[in-house]
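Visitor: With full-length UniProt numbering, the residue at position 171 of the first sequence is 171, and numbering never jumps. A virtual CB, placed ideally from N, CA and C, is assigned to each residue, including glycine. Below: one structure in structure tokens.
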Amino acid sequence: MPEGHTLHRLARDLEAAFAGRLVRVGSPQGRFADSAALLDGQVVEGAESWGKHLFIAFPDERLVHVHLGLYGGFDVRTGVDEVPLPVGQVRLRLVTADAGPTSYADLRGATACELLTAQQRDAILARTGPDPIREDQDPTLAWERVRRSKAPIGGLLMDQSVLAGVGNVYRAEVLFRQRVHPLRPGNTLRVGQWRAMWDDLVELMAEGVRTGRINTVRPEHTPEAMGRPPRVDDHGGEVYVYRRTGRPCHVCGSMVRTGVLQTRNIFWCPRCQPAFRSRALG
DNA sequence: CCCTAATGAGTAT
DNA sequence: TACTCCTTAGGGG
Numbered sequence: 001m002p003e004g005h006t007l008h009r010l011a012r013d014l015e016a017a018f019a020g021r022l023v024r025v026g027s028p029q030g031r032f033a034d035s036a037a038l039l040d041g042q043v044v045e046g047a048e049s050w051g052k053h054l055f056i057a058f059p060d061e062r063l064v065h066v067h068l069g070l071y072g073g074f075d076v077r078t079g080v081d082e083v084p085l086p087v088g089q090v091r092l093r094l095v096t097a098d099a100g101p102t103s104y105a106d107l108r109g110a111t112a113c114e115l116l117t118a119q120q121r122d123a124i125l126a127r128t129g130p131d132p133i134r135e136d137q138d139p140t141l142a143w144e145r146v147r148r149s150k151a152p153i154g155g156l157l158m159d160q161s162v163l164a165g166v167g168n169v170y171r172a173e174v175l176f177r178q179r180v181h182p183l184r185p186g187n188t189l190r191v192g193q194w195r196a197m198w199d200d201l202v203e204l205m206a207e208g209v210r211t212g213r214i215n216t217v218r219p220e221h222t223p224e225a226m227g228r229p230p231r232v233d234d235h236g237g238e239v240y241v242y243r244r245t246g247r248p249c250h251v252c253g254s255m256v257r258t259g260v261l262q263t264r265n266i267f268w269c270p271r272c273q274p275a276f277r278s279r280a281l282g
């Protein structure tokens, strides 16, 4: 489930499970085997995330860079009695190998799993915008990009060089909550609207880190408050528009619409998010 | 702008 | 067997 909150939780969990611990490092699937051999038997220094990028630090400034892509997963288990045999395509496995409690972590389906230098990590961070999950981030850096761009805000929100960590769910939901149409050009937004979106993302994504889910509905729109059935599908969080095509808007009852914006599905409410200029999405 | 490929696994047909 | 997906990089107009 890879948006920024997922990576942040993973960094936290990997840090708790492995920082300061001697680990065995392997690649049961084989595709990371050479690099794993270099790290095997070393002590993990820490783990950190930035946007959707995850870095696990080993001695001598060697960093494992992980990007989960569309469907990667990193299962971290702490305090287990036994480490099971790998199941499926495990690209990277970490297992504690000292006197402390036993933990292991299995990485599958990642777009990136590679060994980088600190310089290479810095190059990635240099093309990554402010991350609403991290402390002390400067939203004006993102605003300077948004206000100069005629690209649709729905695309800018997912441009990781503008803003780091927002994916398809958070973009659809923050646009709904702030009543902004996805096709609205960045350079037509007012700074107050941008600031409201940023502040909302800070809150929403912090809640995502706490719960591990993307939950975006306000208290008055929860299933309990409205007497409606809870969302039944996949990921579990309550949302306003994401993947709710053709269903009634929780706020106004209009049918939620869908379209494609920069190769990704976008969802919005035509009444709560009135069109601005363009009608290309209907 | 458009298209395609690349990661796994689950669910549908 | 196909099709989906909380992503991104690369190539061609």
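In the DSSP output, which residue or residues are listed as bridge partners for residue 240?
Guide: None; residue 240 has no bridge partner.
Visitor: Sort 77, 113 and 86 by Cα distance to residue 96 and report the nearest one.
Guide: Among 77, 113 and 86, the Cα nearest to that of residue 96 is on 77.
Visitor: Return yes when the Cβ of residue 133 is within less than 8 Å of the Cβ of residue 209, no when it is not.
Guide: Yes, these two residues count as a Cβ contact at 8 Å.
Visitor: Can you pull the DSSP bridge partners for residue 67?
Guide: Bridge partners of residue 67: 53 and 112.
Visitor: To the nearest angstrom, how far is the alpha carbon of residue 332 from that of residue 41?
Guide: Nothing in the structure corresponds to residue 332, since the chain is present only between 1 and 282.
Visitor: Quick one: what's got a C-beta closer than 8 Å to residue 252's C-beta in the same chain, skipping five residues either side?
Guide: Excluding residues within five positions, the ones whose Cβ falls inside 8 Å are 269, 271 and 272.
Visitor: Can you name, in chain order, every residue of its own chain whose Cβ lies under 7 Å from the Cβ of residue 207, other than the five neighbours on each side?
Guide: Closer than 7 Å at the Cβ level, and outside the excluded window around residue 207, lie 215.
Visitor: Given that a residue counts as buried once 16 or more other Cβ atoms are within 10 Å of its Cβ, and exposed if not, what is residue 279?
Guide: At residue 279 the pLDDT is 45, less than 50, meaning the model places this residue with poor confidence; the figure from the coordinates comes in the next sentence. Exposed: under 16 other Cβ atoms inside 10 Å.
Visitor: Nearest CA to the CA of residue 257: which residue from 243, 264 and 263?
Guide: The candidate whose alpha carbon is nearest that of residue 257 is 243.
Visitor: Just to confirm my understanding: we take residue 83, look at its own chain, exclude 5 residues before and 5 after, and list those with CB closer than 8 Å. What are they?
Guide: The residues are 95, 102 and 104.
Visitor: Let me check one thing: in DSSP terms, what residues is residue 96 bridge-paired to?
Guide: In DSSP, residue 96 forms a bridge with 23.
Visitor: Using beta-carbon positions only, say whether residue 63 and residue 11 come within less than 8 Å of one another.
Guide: Contact: no.
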